[in-house]
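Notes to accompany the following structure.
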Amino acid sequence: MRILVLALFFVSLLSAKILIASFNVQNLFDDKMDGTEYADFKKGGKKNWNKEKYEKKIAAVSKDIKEINADVILLLEIENERVLKELASRTGYEYSVFSRGNDKAPVGLGYLSKRQILSVKEYAVPRVKTRPILQIKVREAGRELNLFGAHFPAMKNSLEKRLNAAKTMLRAVHGVKNAIILGDLNSNWDDKFLLKELKNDYTSIWQYKKGWKSYKSGGTIDHIMIKNDLARVVSANFWVHKTKSSDHNALSVQF
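Under this note's numbering, the residues of the sequence shown are numbered 555 to 809, in order.
Below, the structure written as structure tokens:
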């Protein structure tokens, strides 16, 4: 009997799967004007944002999230925690965590998870008004996974500011096992990639999805990178999900 129980345990480990995704949903503001929105979205702005547009947008984003069907998904360009919790309610996620660094930031980032979130940690980017790096820890088949979600400053910002975000990520992941970096890093997978120091230590989605793009106008600015200590012991499949609600496609990896 004991041998049978052990055998079933190891089979469950071998068959266990977890899908982790990253999705920039493109400016999902709520239906209340707080004054921190981008100028185009404020009353009288070009977008003329209102409750009707919010309802249409959040319904479309929710549809994309349900189609991706990730166990854990990082969402970018979410205005506040209320919007994230509304997405969780519409898509059936039990756990969520949100951050935007400060109350005056237009948008932040957050996770929806079907797995219990064991811990949360934020890494503020020094001397830059931008989103923090948001680390969570989840467990799958006895293994703890450390997810580092980020939305780096846009390319229109100075290289110094963008490098500050990259250096913050390098410090955050240093020495961490089973690390996964994901999010919109506003940096293409090329010779000028902001995290090029990690190319030898991490496996990237763009090593397997050559010719694809995450930003629909062109580019590989969204990323999923798996530390090689994890990639060596689990098999991983990568996907690019075509979305309808955003100017970004979603990315995912399944172990």
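Ideal Cβ placement from N, Cα and C applies to all residues, glycine included.
In its chain, beyond the 5 residues on either side, 755, 756 and 757 have a beta carbon closer than 7 Å to the beta carbon of residue 782. Taken in chain order, the unbroken stretches of alpha helix (DSSP H) that lie wholly in the stretch 668 to 749 and span 4 residues or more are 713 to 727. Pairing residue 647 with residue 795, the inter-Cα distance amounts to about 19 Å. Taking all protein chains shown into account, residue 703 has 16 or more neighbouring C-beta atoms within 10 Å of its C-beta and is therefore buried. A distance below 7 Å between beta-carbons, with the five flanking residues on each side excluded, links residue 709 to the following residues of its chain, in chain order: 740. Counting the other CB atoms within 10 Å of its CB gives residue 723 a total of 16 or more, which places it among the buried residues.
About 5 Å separates the Cβ atoms of residue 592 and residue 660, confirming a contact at the 8 Å cut-off. Per DSSP, the beta bridge partners of residue 780 are 734 and 757. For residue 804, the beta-bridge partners assigned by DSSP are 795.
The beta carbon of residue 589 sits closer than 8 Å to the beta carbons of 596 from its chain, once the five residues preceding and following it are set aside; these are given in chain order.
The beta carbon of residue 638 sits closer than 6 Å to those of 632, 650, 652 and 664, all from its chain and outside the five residues before and after it, given in chain order. Its chain contains 735, 756 and 758 as the residues whose beta carbon lies nearer than 6 Å to that of residue 779, once the 5 sequence neighbours on both sides are disregarded; these appear in chain order. In this structure, residue 785 and residue 618 do not form a Cβ contact; the two beta carbons are roughly 27 Å apart against a cut-off of 8 Å. If you look at residue 576, you'll find it in the beta strand (DSSP E) that goes 573 to 582. About 7 Å separates the beta carbons of residue 612 and residue 641, which is inside the 8 Å limit, making them a contact pair.
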